[in-house]
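Chemist:
Residue numbers (this note's numbering): 164 to 243.
Here it is as structure tokens:
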């Protein structure tokens, strides 16, 4: 599967999910799932608005990004 890589970090008030390679695109939430869902919504909104997005990457790249960025979790999002 290819998609946009998201790295999730723990914060004092919950979690932050940042879309790798898309400046300012991410989401916050009390759980990992909520943060990833918000990031997915933000990414979809950018795509709908015609923003230039980086090419989708293989989901295996998520593991490297999570490790490199010291994240606690990762996801691979597909823009519908």
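Heads up, the beta-carbon is just placed ideally off N, CA and C, and yes, glycines get one too.
Could you check if residue 213 is buried or exposed, using at least 16 other CB atoms within 10 Å of its CB as the buried criterion?
Modeler: exposed
Chemist: Cβ of residue 209 within 9 Å of Cβ of residue 185?
Modeler: The Cβ atoms of residue 209 and residue 185 sit closer than 9 Å to each other.
Chemist: Tell me whether residue 240 sits in a helix, a strand or coil according to DSSP, three-state version.
Modeler: Of the three classes helix, strand and coil, the one that applies to residue 240 here is strand, per DSSP.
Chemist: Cβ of residue 220 within 9 Å of Cβ of residue 165?
Modeler: yes
Chemist: Tell me the DSSP bridge mates of residue 172?
Modeler: Answer is 179.
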